[in-house]
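In the numbering used here, the protein residues as written are 215 to 302.
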Amino acid sequence: MNDSQLKHIYNNLAPTKPNHKGQRIAGRCIGFTRHQPRSILGGIYVFPHIDGKHLYEVNPRNPFELVYMGRVDQPARTMTIFLPGARS
């Protein structure tokens, strides 16, 4: 899979997160990152939430795994979450 195909998947199949009313809000892909040169491309998503915007990085080896990077207006901390259905 090349970078343009992966970019298309991340832009069109963005994960969703429920808000305080239980409605599903789509995350918006705002960028892409590589951990090493020529490695697999991973996406960076921002999710709107009642207490601010949250940034998540997609693990490029497991697209169902999101790593919490922090709030846009606060210092970053790291936490890994798994989307439903990611574990078999």
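Cβ coordinates follow ideal geometry from the N, Cα and C atoms, glycine included.
| said: Going by DSSP in three states, Gly257 sits in which element: helix, strand or coil? | reply: By one-based count along the sequence shown, residue 257 stands at place 43. Reduced to three states, the DSSP call for Gly257 is strand.
| said: Buried or exposed for Met215, going by 16 or more other Cβ atoms inside 10 Å? | reply: Residue numbering aside, residue 215 sits at position 1 when the sequence shown is read from its first letter. Residue placement at Met215 is poorly supported in this model, since its pLDDT is 43, which falls under 50; the coordinates are not used for a value here.
| message | Taking only three categories from DSSP, how would you classify Phe278? | response | Working through the sequence shown from its first residue, we reach residue 278 at position 64. Three-state DSSP puts Phe278 in coil, outside helix and strand.
| said: Less than 7 Å between the beta carbons of Glu271 and Ile258, yes or no? | reply: Along the sequence shown, one-based indexing puts residue 271 at 57. Along the sequence shown, one-based indexing puts residue 258 at 44. Result yes, Cβ atoms of Glu271 and Ile258 sit closer than 7 Å.
| said: For Lys267 and Lys235, what's the separation of their Cα atoms in angstroms? | reply: Within the sequence shown, residue 267 is the residue found at index 53, counting from 1. Within the sequence shown, residue 235 is the residue found at index 21, counting from 1. Roughly 16 Å separates the two Cα atoms.
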